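Residue numbers (my numbering), protein chains in the order written: chain A, 36 to 587; chain B, 2 to 313.
We treat Cβ as the ideally placed atom computed from N, Cα and C, and that holds for glycine.
As the structure is a computational prediction, the values presented were derived from the model and not from experiment.
The structure appears right after this line, and notes come after that.
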């Protein structure tokens, strides 16, 4: 195994003497994990803009009752594309971007195990996304929801080619995602620095490892379902057609067999980011390393046994529901433990309220909110009332935005100096933070009430009854506040990138290996590495240096 | 209070009442956890803010005692709610043995058909049920998946093509209750509203008897002209009007259309103007609707509306 330490790029690589900056060509042809990581993030931003525009159009349509701003056909395409985009083409590329950028840096490797496959996966996912969006030009985007239930997704009810683009696009995106996960697993298992046993892995790397296994295991049911649907649509097979012996419920089992682990796939890396952020800005080790890693593994295992809580209104019977209620409530326990572990990490610390820390702390509130409304869906009778209502829309955005995205923002503000070599504008960052938090809660909190008052999801309009009108207007105002704060974020990132203060290697007095090297990191990450003694190796180095200076 | 008109917190049926109890327990537990997290967070933020004089704080790596609490207390809460879940499920949705359903409701794109087993009654969108009695609803779908949800009655239930679901209902008092299709079912999912008309046993039986009858003979000449157009111009190819040659079952049964308060799945009130507008251009009123546009003359449309208005 010795020869595997510090893998490519090696000094004898044929292109090592080529200039480090060849403009666009270098980005397209790069196999460097840092550049591919940034490309992943840019892909995420590109689709974030598209998915965000879809969201704003949806909110305009719903601002007032009986609105004719969008046709029902257009509305259905937009809400389908909004969901599909945000899950597959925004959150996934962004978490993979952070993973491929920082995993090698945090474990002392010079690249991923398979750098070319890394590039291949990224481009495959991008082209999958482009193909999905091409459907708009090819006669209409998919319009049966991101969950794409049978038989509404069959040719009888969806004659256009949108659903076919959905199948093929997501198959490609999924292939890329799985390939990257395999890459990350191999890298973490084989390319750790000397001395970095599994118990000395930074928590972020642990979460990425667990997450990668989740991805590898969760995507096959989706790919199977997509292939079966393509067969149904193109070759007249009957998997999901009840009239000829198929079952529309099979689609639901396969889709949620993927779909529920996917929810955890999008949150585990954020759990990892938070674990790093809380440690660094509290200047304390994580409160219960074994607990936080163990609960991550528990979540991953339980994630495969909870899918039918999306189907409590399907009529599967109380026996089946009993099992899935138990498993879905149980998965709340390791998640809750994490929340208290992070509070324990801050307890007795010396807290620095940077923007990254603010997002991490806000995460605790918003994600607890989303987690608790999620437990409501594990309690079957409450689910019977609230599933498929606006309460679900509120819940899932508290988890995806208040959870995953707040974690991603925290990571962005934490790692921006490392990726660009420049400090982020903290003052603007905090203004952005407050705008975003207010906009987010304004948009989604009221949707809990809409659901409680019986407004179903996925409706293109509603009558002026039961106070739906003012609640939706409030939500739309919040939505535009969120939109505006995204513009603020892009400006703030651009400005900081151009003219931020020079960051230096270690602006936060951080703990992990990526901060030991220059910002941004050189093409070859590490020339030398110390023997790793703990999951906070950089702190060990700094302490040793101090001891030396003190002449001990 | 905004939650008192239609909401899950204003239960009007036995199931709704049982579920409401559970909702309250859950809200208490959830609020406790939420306040605990927010409280701890505020305390931590105020108490442990970095000061310039701070050295490295003491490096506590965990505490077995706290960990036991962190795991133990949630376990107890989960056990408690699991018990309540199973108990409530059994209470609200006991298994259906050989009981005959009172109503069979079929979800269709984008309306509801109701038939009453043992009677000739077929109706659409406005579903009559007796109050103060346990009734069984049989729920099926004709095309894609739909979902039956009246918030004041508690649980919702999917309607699936190719299989059958049941829902128990015991409405506390007579009245009109609103709901909506809650599973995305295509273009007009938004306009698939539910109206349940709960009646006293006496009124319900009266309604059943009346609705089982065929139409009354028509005398009005305009209505007679309308009836002729209805039969000739392929309205009859989709709609049934019992007592006439129109026996098709594609669209809603119109035998007693004029006795309904609303048309188009509860989205428009049943007035001459609304019927006229819908017949003039169905797609403009309900985009995506399966009813074609017939290009009748004004006189023809008025005749058809007059005819439909006699179907009491």
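- In this model, residue 339(A) and residue 292(A) are separated by some 7 Å (Cα to Cα).
- Exclusion of the five residues before and after residue 273(B) leaves 306 as the residues of its chain whose Cβ lies within less than 6 Å of its Cβ.
- Take the alpha-carbon of residue 387(A) and the one of residue 314(A): they are about 11 Å apart.
- Within the same chain, 290, 292, 293, 294 come within 8 Å of residue 283(B) by CB-CB distance, once the 5 residues on both sides are set aside.
- Contact of residue 167(B) with chain A is assigned, a C-beta pair being separated by under 9 Å.
- Contact annotation: residue 355(A) and residue 222(A) have beta-carbon atoms that are not nearer than 9 Å.
- The beta-carbon separation of residue 28(B) and residue 152(B), rounded to 16 Å, does not stay under the 8 Å limit for a contact.
- A direct Cα-to-Cα measurement between residue 149(A) and residue 570(A) gives close to 25 Å.
- In chain order, 411 place their CB closer than 8 Å to the CB of residue 417(A), counting only its own chain and leaving out the 5 sequence neighbours on each side.
- Against chain B, a Cβ distance below 7 Å from residue 348(A) picks out 148, 157, 158, 159.
- Annotation: Cβ neighbours of residue 288(B) in chain A (cutoff 8 Å, chain order): 106, 107, 108.
- Counting C-beta atoms within 10 angstroms of its own C-beta, residue 70(B) has fewer than 16 neighbours from the protein chains shown and is therefore classed as exposed.
- Between residue 405(A) and residue 438(A) a beta carbon distance of about 6 Å is seen, short of the 8 Å cut, so the two are scored as contacting.
- The DSSP assignment places 136-142, 147-149, 158-160, 166-170 as complete runs of the beta strand (DSSP E) inside the region 130-179 of chain B, in order along the chain (cut-off: 3 residues).
- Taking 8 Å as the Cβ-Cβ cut-off, the region 537-548 of chain A has no residue approaching chain B.
- Residues of the region 77-109 of chain A whose Cβ lies closer than 9 Å to any Cβ of chain B, in chain order: 106, 107, 108.
- Annotated three-state conformation of residue 237(A) is coil, per DSSP.
- For residue 229(A), there is no enclosing alpha helix (DSSP H), as DSSP marks it with neither H nor E.
- In the three-state reduction of the DSSP assignment, residue 524(A) falls in the helix class.
- DSSP places residue 491(A) within a strand segment (E or B) once states are collapsed to three.
- Rounded to the nearest whole angstrom, the CA to CA distance from residue 374(A) to residue 72(B) is 12 Å.
- Beta-bridge annotation (DSSP): residue 113(B) is paired with 108(B).
- Residue 199(B) places its beta carbon 9 Å or farther from that of residue 145(B).
- When Cβ-Cβ separations below 9 Å define contact, residue 262(B) makes no contact with chain A.
- Within chain A, the C-beta atoms nearer than 7 Å to that of residue 8(B) come from 487, 488, 489, in chain order.
- When DSSP states are grouped into helix, strand and coil, residue 268(A) belongs to the helix group.
- Interface with chain A (9 Å Cβ-Cβ cutoff): residue 247(B) is excluded.
- DSSP, reduced to helix, strand and coil, places residue 311(B) outside both helices and strands of the structure shown, so it counts as coil.
- Here DSSP, grouped into helix, strand and coil, assigns residue 127(B) to strand.
- For residue 424(A), the nearest CB of chain B lies under 9 Å from its own CB, placing it at the interface with that chain.
- For residue 102(B), no CB of chain A lies under 9 Å from its own CB, so it is not counted at the interface with that chain.
- Annotation: the region 349-390 of chain A contains no complete segment of the beta strand (DSSP E) (minimum length 3 residues).
- Residue-level contact check: residue 294(B) does not touch chain A, since none of the beta carbons of chain A fall below 9 Å from its beta carbon.
- For residue 120(A), the closest Cβ of chain B is not nearer than 9 Å.
- Between residue 163(A) and residue 196(A), the C-beta spacing is not below 9 Å.
- When DSSP states are grouped into helix, strand and coil, residue 459(A) belongs to the coil group.
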